[in-house]
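Here the protein sequences come in this chain order: A and X.
For the first sequence, my numbering gives the first residue as 27, with consecutive numbering after it.
For the second sequence, my numbering gives the first residue as 26, with consecutive numbering after it.
In this text, a Cβ means the ideal position worked out from N, Cα and C, and glycines have one as well.
For reference, the structure is listed below as structure tokens.
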Amino acid sequence: MPDTVLVVGAGPTGLSAAAGIAAVGKKVVLVEKENILGGAPIISGYARLVPSGEWAKDAIGRMVGRVEANPAVTIHKNAKVAQLDGEAGRFTATLTNGQTISAGAIILGTGFTHFDSINKPEWGFGTFEDVVTTTQVEQMVAAGRIACPSDGRVPERVAILLCVGSRDRQIGREWCSKICCTVSTNLAMEIKELSPKTDVFIYYMDIRTFGLYEDKFYWKSQEEFKTKFVKARIAEVTRAPDGRLLLKGEDTLVKRPIVIPMDLVVHAIGMDPNLENPQIAKVFGVGLERHGFLDRGEHYTNTFSSTRRGIYVGGAALGPEDIDSSISHGLAMALRAVGDLGALDHQAA
Amino acid sequence: MTIHEKTLIDPDRLLTSDKLVVDGVDVSGQWNTMILPRTLKDYDPDFQNVIERYGGAENVHRCWQCGSCTNSCTMYALNTDFNPRYWIYLTLLGLKQELLKDRDIIWQCVSCNKCTNICPKDVRPEGVMKALAHWIEDEGYREKSHSSLFDEEFTRQCLDRGRIEDTELMTRFFRDTRQSLVALVRRGWLGVFVARMGKWPLLAEGHLAKFLARVPVAGPVRMLAHRLFKPRTQSWGRTGEVLRQYVQEQKEAAHA
Ligand SMILES: Cc1cc2nc3c(=O)[nH]c(=O)nc-3n(C[C@H](O)[C@H](O)[C@H](O)COP(=O)(O)OP(=O)(O)OC[C@H]3O[C@@H](n4cnc5c(N)ncnc54)[C@H](O)[C@@H]3O)c2cc1C
Ligand code: SF4
Ligand code: SF4
Ligand code: SF4
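Okay, structure coming up:
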């Protein structure tokens with residue numbers, strides 16, 4: 027009977043699952059398609075995380091270090107599962123690097139793909155250099171300087187547009203990406219910290235800084251950092267003769283058209299289903315839900331099950347998710363997977 | 026004190042008086058103008074259902090007031106009172122009196138569908154504008170619009186004869202909309218239209234033969250004949266009657 031769990035994806039979800047399994051004395055094979063571990067926060071170079079305020083490279087770096095240092099974890103980077111045979115209790119996975127792995131259970135922590143702003147051309151990304159995404163601003167904050175890509179000047183005014191690539195039937199994205207409101211209010215404060223003279227405006231339809239993120243991010247950003255909140259969904263971003271960007275829209279609260287100059291426009295991009303999900307569904311024989319994320323089974327008593335026995339799904343693979351929740355998913359899945367190994371040992375005896 | 030932006034206040038809320046006594050104190054001269062507070066007193070939750078029953082407005086309940094329709098709107102660019110988002114809000118809450126204040130502009134939607142293309146909730150605001158305009162006419166809050174009169178005549182001819190006669194359609198349209206053909210040619214858009222066909226200059230320059238050669242003859246003669254004898258599409262039979270009945274049934278079912 028295999029005493030190994032196969033964990034696919036080394037983001038916060040997979041890293042947490044791997045650490046959990048190893049902690050109770052079972053073996054882990056961790057397969058990651060990139061050449062670095064840590065998932066989106068590391069690959070995309072996020073700055074300080076919400077809600078902890080810790081730098082991503084430190085916080086997620088610790089998660090990576092813990093797994094790398096554990097002899098019970100075998101890591102395959104630059105690899106994916108090419109083929110899966112067998113069933114719950116005795117899976118055999120063939121990796122793209124030629125290795126075969128026997129595993130009793132499988133955990134999918136394959137995460138999400140960032141929304142590509144090119145798909146909303148009216149908001150200027152790809153047309154104007156000074157229209158950027160939250161991931162780019164995360165990288166600016168991490169590098170310690172906020173600047174307009176076009177000429178390197180420090181922006182006087184920054185506009186953050188919420189819900190770019192989320193909550194939009196026109197482009198088939200009928201979900202809220204959950205974390206971008208909080209991330210954006212946090213970025214507004216970070217921008218202000220780096221450049222106190224910069225004014226930051228957030229264009230919103232709703233503010234969804236859920237739970238304890240309300241006062242810590244939304245209120246603080248408004249009250250202490252003087253972020254301005256404007257209730258409007260922008261129609262288009264164009265360029266003024268002087269080279270600045272122009273936001274056009276309707277301020278719904280004053281019922282007036284707005285044409286406001288900005289130096290930097292930031293898209294708060296959403297979380298799409300992992301582009302590879304159709305392929306992942308095929309290889310692992312698991313289902314997709316209607317938005318294209320991986321589907322899950324009954325959650326109350328068959329927690330974090332996929333649609334296939336012996337395979338578990340959690341984190342942003344299931345739908346937009348934040349890091350703290352993803353870590354909890356990972357640990358819960360570790361318990362499920364280890365429980366499966368135990369049950370099978372029991373049967374065999 | 027003067028009121029700086031009188032234009033922002035509905036006229037029916039402006040009270041002016043030459044002599045004003047408040048609580049026994051004569052304040053004439055200082056306070057000759059009062060503004061009644063604007064208070065929403067009630068909602069008509071059924072109004073949304075009424076509007077949804079018009080074709081095209083089925084999705085009005087989906088609106089979350091983001092304003093994308095308004096800020097992309099062709100008409101809004103010309104007149105900021107033309108505000109689809111606002112009217113949809115009034116529709117959802119059933120604030121009919123507020124809506125009716127704009128009864129004279131709602132019909133101006135040009136059906137460019139920019140709003141429909143941008144709406145993140147797929148409300149299809151263009152259809153809602155059409156539904157509101159129809160409702161306003163159906164309830165008699167406005168005279169029938171030119172386009173409604175045109176539609177009615179067009180549909181009548183289709184159903185009666187399975188075809189339309191352009192001359193009859195246009196003459197009846199001008200009659201129903203009380204427009205004089207002569208005046209339109211001489212001073213109105215029809216004159217401009219004809220001028221743009223580039224035939225008048227020939228006449229002005231004295232090329233009478235050339236002008237006449239370019240004036241269609243056979244067509245107008247045929248039109249005149251059709252105008253007099255009103256031909257029907259072959260084997261049209263009872264088709265029109267059946268269609269008319271079907272349309273009626275559908276309308277009754279939708280608005281029941
Ligand atoms: C701009 C932005 C800022 C954010 N900031 C925060 C924040 O401050 N705080 C917070 O809580 N959350 C934040 N989030 C959300 C956070 O990124 C996610 O919650 C988190 O990354 C989810 O972790 P995950 O492991 O499930 O997925 P991911 O981080 O996407 O990790 C998935 C991993 O699986 C790998 N993988 C994918 N497919 C395969 C495959 N077929 N085979 C092998 N490996 C595969 C990927 O390469 C990746 O390493 C932010 C999101 C965005 C978009
Ligand atoms: S979290 Fe906020 S910005 Fe992100 S999709 Fe939801 S409402 Fe929009
Ligand atoms: S279809 Fe009508 S409401 Fe919609 S954008 Fe065009 S003019 Fe405006
Ligand atoms: S764009 Fe759609 S959702 Fe937004 S206000 Fe207009 S109708 Fe409502």
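What residue does the beta strand (DSSP E) around residue i start on, and which one ends it?
{"i": "X/T17", "result": "A question about residue 17 of chain X goes unanswered here, because the residues of chain X that appear run from 26 up to 281."}
{"i": "A/Y338", "result": "337-339"}
{"i": "A/M297", "result": "297-299"}
{"i": "A/Y230", "result": "225-230"}
{"i": "A/R116", "result": "116-121"}
{"i": "A/R265", "result": "262-265"}
{"i": "X/I113", "result": "Here X/I113 belongs to no beta strand (DSSP E); instead the alpha helix (DSSP H) covers 109-118."}
{"i": "A/Q109", "result": "107-113"}
{"i": "A/H317", "result": "Where A/H317 is concerned, there is no enclosing beta strand (DSSP E), given that its DSSP letter is neither H nor E."}
{"i": "A/T136", "result": "Run containing A/T136: none; DSSP gives neither H nor E here."}
{"i": "A/G275", "result": "271-277"}
Give the secondary structure of residue i by DSSP, where H, G and I count as helix, E and B as strand, and everything else as coil.
{"i": "X/F236", "result": "helix"}
{"i": "A/Q165", "result": "helix"}
{"i": "X/V50", "result": "strand"}
{"i": "X/I76", "result": "helix"}
{"i": "X/W214", "result": "helix"}
{"i": "A/H325", "result": "coil"}
{"i": "A/G237", "result": "coil"}
{"i": "X/W89", "result": "coil"}
{"i": "X/M26", "result": "Unreliable positioning characterises X/M26 in this predicted model, as indicated by a pLDDT of 42, which lies under 50. The coordinate reading is nonetheless provided below. In the structure shown, X/M26 sits in coil (DSSP, three-state: anything other than H, G, I, E or B)."}
{"i": "X/G144", "result": "Looking at the sequence provided, one finds Cys at residue 144 of chain X rather than Gly. Three-state result, X/C144: coil."}
{"i": "A/R74", "result": "strand"}
Could you name the residues of chain X that residue i contacts, counting a contact when the two beta carbons are closer than 7 Å?
{"i": "A/M231", "result": "W89, C91"}
{"i": "A/T278", "result": "Q90, G92, R110"}
{"i": "A/A258", "result": "G92"}
{"i": "A/G275", "result": "G92, N96"}
Give the interface partners of residue i over in chain X, defined as CB-CB distance under 8 Å, in chain order.
{"i": "A/R282", "result": "T105"}
Cβ closer than 8 Å: which chain A residues qualify as neighbours of residue i?
{"i": "X/I143", "result": "E148, Q196, A261"}
At 7 Å on the CB atoms, spell out the chain A contacts of residue i, in chain order.
{"i": "X/K146", "result": "R195"}
Grab me the residues of residue i's own chain with a C-beta within less than 7 Å of its C-beta, minus the 5 sequence neighbours each way, in chain order.
{"i": "X/C144", "result": "S93, C94, P150"}
{"i": "X/L184", "result": "G265, L268, R269"}
{"i": "A/A363", "result": "V31, I47, A131, I133, Y338"}
{"i": "A/R270", "result": "P287, M288, D289"}
{"i": "A/L16", "result": "Residue 16 of chain A lies beyond the residue range present for chain A, which begins at 27 and ends at 375; the question has no answer from this structure."}
{"i": "X/Q90", "result": "R110, Y114"}
{"i": "X/A279", "result": "R78"}
{"i": "X/K139", "result": "S97, C98, T99"}
What residue range does the alpha helix (DSSP H) around residue i cover?
{"i": "X/Q275", "result": "264-280"}
{"i": "A/P287", "result": "Note, A/P287: premise wrong, no alpha helix (DSSP H); beta strand (DSSP E) at 282-288."}
{"i": "X/H171", "result": "171-186"}
{"i": "A/L187", "result": "Careful: A/L187 lies outside any alpha helix (DSSP H), inside the beta strand (DSSP E) at 183-190."}
{"i": "A/K218", "result": "206-220"}
Using CA coordinates, which residue listed in the options is at the minimum distance from residue i?
{"i": "A/M231", "options": "A/T224, A/C202, A/E250, A/Q248", "result": "A/C202"}
{"i": "A/G368", "options": "A/K53, A/V34, A/G37", "result": "A/K53"}
{"i": "X/N57", "options": "X/Q273, X/D48, X/T41", "result": "X/T41"}
{"i": "X/A158", "options": "X/R197, X/R181, X/W132, X/K169", "result": "X/W132"}
{"i": "X/R251", "options": "X/Q275, X/N138, X/R186, X/S260", "result": "Here residue 251 of chain X turns out to be His, not Arg, going by the sequence shown. When only C-alpha atoms are compared, the closest one is X/R186."}
{"i": "X/L45", "options": "X/L39, X/S53, X/R38", "result": "X/S53"}
{"i": "X/D127", "options": "X/K255, X/D106, X/K139", "result": "X/D106"}
{"i": "A/G9", "options": "A/D366, A/S352, A/L361", "result": "This structure cannot settle anything about residue 9 of chain A, because the visible part of chain A is limited to 27 through 375."}
{"i": "X/I130", "options": "X/G152, X/T258, X/S260, X/R167", "result": "X/R167"}
{"i": "X/D191", "options": "X/G244, X/G119, X/P62, X/W225", "result": "X/G244"}
{"i": "A/S78", "options": "A/V209, A/R171, A/T329, A/G296", "result": "A/V209"}
{"i": "A/S143", "options": "A/N96, A/E94, A/F151", "result": "A/F151"}
{"i": "A/V190", "options": "A/T253, A/R282, A/K204, A/G178", "result": "A/K204"}
{"i": "A/G37", "options": "A/M166, A/A360, A/T136, A/K281", "result": "A/T136"}
Skipping 5 residues on each side, what residues in its chain have a beta carbon closer than 6 Å to that of residue i?
{"i": "X/M26", "result": "Here the model assigns X/M26 a pLDDT of 42, short of 50, so the residue's position is not dependable and the matter cannot be decided."}
{"i": "A/H355", "result": "T39, G340, G341"}
{"i": "A/I233", "result": "C207, Y244"}
{"i": "A/G311", "result": "R334"}
{"i": "A/L357", "result": "S42, G46"}
{"i": "A/K59", "result": "K106"}
Note down, in chain order, every chain C residue with its Cβ under 9 Å from the Cβ of residue i.
{"i": "X/N74", "result": "Any reference to chain C falls outside this structure, whose protein chains are A and X."}
Residues in the same chain with beta-carbon distance under 8 Å from residue i, minus the five sequence neighbours each way, listed in chain order, please.
{"i": "X/E178", "result": "L194, R197, F198, D201"}
{"i": "A/G170", "result": "L220"}
{"i": "X/K224", "result": "F236, R239, V240"}
{"i": "X/P36", "result": "none"}
{"i": "A/L272", "result": "V263, T264, R265, A266, V285, I286, P287, M288"}
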